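Numbers given in my numbering equal positions in the sequence shown, counted from 1, plus 35.
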Amino acid sequence: MVLAQVKELKQSQELLKKLVERIENPTQDLSITTLQHDLLDYIESLSVVTDYVNIEIGPPELKTYPINAVLKQQAQLLQAILAQLNSPAEQSDAAEQFKVTEGAIRRMYESLKGIVELNRTLQKESNISVDLATKTPLHEKENTTEKAGFFKRLFKR
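As C-alpha coordinates, this is what we get:
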(Lines of atoms letter the chains of each structure in order from A and count residues from 1; the text may use other names and numbers.)
(Lines give C-alpha, C1' and ligand atoms only; values in the text may rest on other atoms or scores of the structure.)
Protein backbone atom coordinates (compact mmCIF):
# COMPACT_ATOMS: atom_id res chain seq x y z
CA MET A 1 0.00 0.00 0.00
CA VAL A 2 2.83 2.40 0.83
CA LEU A 3 4.42 1.67 -2.52
CA ALA A 4 1.34 2.85 -4.45
CA GLN A 5 1.26 6.13 -2.55
CA VAL A 6 4.98 6.67 -3.05
CA LYS A 7 4.51 6.13 -6.79
CA GLU A 8 1.73 8.72 -6.81
CA LEU A 9 3.96 11.09 -4.84
CA LYS A 10 6.73 10.58 -7.42
CA GLN A 11 4.33 11.56 -10.23
CA SER A 12 3.27 14.62 -8.30
CA GLN A 13 6.93 15.47 -7.65
CA GLU A 14 7.70 15.38 -11.38
CA LEU A 15 4.67 17.56 -12.15
CA LEU A 16 5.74 20.12 -9.57
CA LYS A 17 9.27 20.11 -11.01
CA LYS A 18 7.88 20.92 -14.47
CA LEU A 19 5.71 23.68 -13.03
CA VAL A 20 8.61 25.31 -11.22
CA GLU A 21 10.67 25.23 -14.42
CA ARG A 22 7.88 27.16 -16.16
CA ILE A 23 7.69 29.99 -13.64
CA GLU A 24 9.13 33.07 -15.25
CA ASN A 25 10.33 36.07 -13.37
CA PRO A 26 10.85 38.86 -15.93
CA THR A 27 10.96 41.60 -13.29
CA GLN A 28 13.43 39.64 -11.15
CA ASP A 29 11.07 39.88 -8.18
CA LEU A 30 12.95 38.61 -5.16
CA SER A 31 9.89 36.95 -3.62
CA ILE A 32 9.27 34.88 -6.77
CA THR A 33 12.94 33.90 -6.97
CA THR A 34 12.92 32.87 -3.32
CA LEU A 35 9.74 30.87 -3.85
CA GLN A 36 11.29 29.09 -6.84
CA HIS A 37 14.35 28.11 -4.81
CA ASP A 38 12.21 27.01 -1.86
CA LEU A 39 10.07 24.86 -4.17
CA LEU A 40 13.17 23.31 -5.76
CA ASP A 41 14.54 22.48 -2.30
CA TYR A 42 11.19 20.95 -1.37
CA ILE A 43 11.13 18.88 -4.59
CA GLU A 44 14.62 17.58 -3.84
CA SER A 45 13.63 16.73 -0.28
CA LEU A 46 10.85 14.47 -1.57
CA SER A 47 13.55 12.25 -3.04
CA VAL A 48 14.04 10.89 0.50
CA VAL A 49 11.17 8.55 -0.29
CA THR A 50 10.66 8.78 -4.06
CA ASP A 51 14.17 7.60 -4.99
CA TYR A 52 13.14 4.06 -4.02
CA VAL A 53 10.56 3.92 -6.82
CA ASN A 54 11.35 3.65 -10.51
CA ILE A 55 8.36 4.38 -12.73
CA GLU A 56 7.82 5.82 -16.16
CA ILE A 57 6.09 9.16 -15.96
CA GLY A 58 4.32 10.43 -19.04
CA PRO A 59 3.85 14.07 -19.91
CA PRO A 60 1.34 15.89 -17.71
CA GLU A 61 -2.02 17.02 -18.99
CA LEU A 62 -1.75 20.41 -20.69
CA LYS A 63 -3.78 22.68 -18.48
CA THR A 64 -3.37 25.30 -15.78
CA TYR A 65 -2.10 23.94 -12.49
CA PRO A 66 -2.24 25.98 -9.30
CA ILE A 67 0.89 25.12 -7.35
CA ASN A 68 -1.09 25.27 -4.11
CA ALA A 69 -3.35 22.43 -5.31
CA VAL A 70 -0.35 20.25 -6.14
CA LEU A 71 1.14 20.98 -2.71
CA LYS A 72 -2.14 20.10 -0.98
CA GLN A 73 -2.31 16.79 -2.85
CA GLN A 74 1.26 16.03 -1.83
CA ALA A 75 0.47 16.90 1.79
CA GLN A 76 -2.36 14.37 1.77
CA LEU A 77 -0.09 11.71 0.28
CA LEU A 78 2.64 12.46 2.80
CA GLN A 79 0.17 12.23 5.68
CA ALA A 80 -1.10 8.88 4.38
CA ILE A 81 2.45 7.54 4.04
CA LEU A 82 3.29 8.72 7.56
CA ALA A 83 0.16 7.08 8.95
CA GLN A 84 1.10 3.78 7.35
CA LEU A 85 4.73 3.93 8.43
CA ASN A 86 3.66 4.58 12.02
CA SER A 87 3.18 0.90 12.88
CA PRO A 88 6.13 -1.50 13.24
CA ALA A 89 4.47 -4.06 10.96
CA GLU A 90 4.12 -1.52 8.15
CA GLN A 91 7.72 -0.40 8.69
CA SER A 92 8.98 -3.94 8.18
CA ASP A 93 6.78 -4.36 5.08
CA ALA A 94 8.09 -1.07 3.67
CA ALA A 95 11.66 -2.15 4.44
CA GLU A 96 11.10 -5.29 2.36
CA GLN A 97 9.45 -3.37 -0.51
CA PHE A 98 12.17 -0.72 -0.67
CA LYS A 99 14.97 -3.21 0.10
CA VAL A 100 16.36 -1.16 3.00
CA THR A 101 16.75 -1.70 6.73
CA GLU A 102 14.08 -0.86 9.27
CA GLY A 103 16.40 1.83 10.63
CA ALA A 104 16.38 3.51 7.21
CA ILE A 105 12.58 3.41 7.24
CA ARG A 106 12.53 5.06 10.68
CA ARG A 107 14.89 7.78 9.41
CA MET A 108 12.67 8.21 6.36
CA TYR A 109 9.66 8.54 8.66
CA GLU A 110 11.32 11.32 10.67
CA SER A 111 12.45 13.08 7.48
CA LEU A 112 8.92 12.96 6.11
CA LYS A 113 7.65 14.75 9.21
CA GLY A 114 9.94 17.67 8.40
CA ILE A 115 8.89 17.61 4.75
CA VAL A 116 5.24 17.89 5.82
CA GLU A 117 6.12 21.06 7.77
CA LEU A 118 7.94 22.48 4.75
CA ASN A 119 4.89 21.66 2.62
CA ARG A 120 2.63 23.58 5.00
CA THR A 121 4.91 26.60 4.87
CA LEU A 122 5.02 26.54 1.07
CA GLN A 123 1.22 26.28 0.87
CA LYS A 124 0.99 29.55 2.76
CA GLU A 125 3.52 31.30 0.50
CA SER A 126 2.74 30.10 -3.01
CA ASN A 127 -0.05 31.79 -4.91
CA ILE A 128 1.06 30.91 -8.44
CA SER A 129 -0.67 29.08 -11.27
CA VAL A 130 1.25 27.73 -14.24
CA ASP A 131 -0.38 26.99 -17.59
CA LEU A 132 1.35 24.09 -19.33
CA ALA A 133 -0.79 24.39 -22.46
CA THR A 134 0.29 27.87 -23.51
CA LYS A 135 3.65 27.78 -21.77
CA THR A 136 2.78 31.07 -20.13
CA PRO A 137 3.20 31.27 -16.37
CA LEU A 138 0.54 33.18 -14.53
CA HIS A 139 1.22 34.93 -11.28
CA GLU A 140 -1.77 35.70 -9.13
CA LYS A 141 -0.64 38.61 -7.05
CA GLU A 142 -2.85 40.31 -4.55
CA ASN A 143 -3.46 43.98 -5.25
CA THR A 144 -2.32 46.15 -2.42
CA THR A 145 -2.93 49.84 -2.18
CA GLU A 146 -0.11 51.99 -0.98
CA LYS A 147 -0.95 53.91 2.11
CA ALA A 148 0.18 57.47 2.44
CA GLY A 149 2.95 57.97 4.94
CA PHE A 150 2.42 59.71 8.24
CA PHE A 151 3.88 63.03 7.11
CA LYS A 152 1.98 62.99 3.80
CA ARG A 153 -1.26 62.53 5.67
CA LEU A 154 -0.25 65.15 8.21
CA PHE A 155 0.65 67.78 5.61
CA LYS A 156 -1.84 66.48 2.98
CA ARG A 157 0.69 66.28 0.16
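Here a beta-carbon is modelled for each residue, glycine too, at the ideal position from N, C-alpha and C. As the structure is a prediction and not an experimental result, all values here were calculated from the model.
Query	Result
Given tyrosine 87 as reference, the closest of Leu50, Val151, Asn162, Leu44 once Cα atoms are compared	Leu44
Boundaries of the alpha helix (DSSP H) in which tyrosine 77 is found, first to last residue	65–80
Proximity of glutamine 109 and valine 37 at Cβ, strictly below 8 Å	no
CB of serine 80 within 8 Å of CB of isoleucine 163, strictly	no
Neighbour-count burial assignment, leucine 189, 16 or more Cβ in a 10 Å radius	exposed
Neighbourhood of asparagine 60 by C-beta distance below 8 Å, restricted to the same chain and skipping five residues each side	Ile67, Thr68, Gln71
Top-ranked residue by Cα proximity to alanine 39, from Asp73, Arg155, Asn89	Asn89
Any beta strand (DSSP E) of 3 or more consecutive residues that is wholly inside the region 77–116	99–101
Serine 122 versus glutamine 63: straight-line alpha-carbon distance, rounded	47 Å
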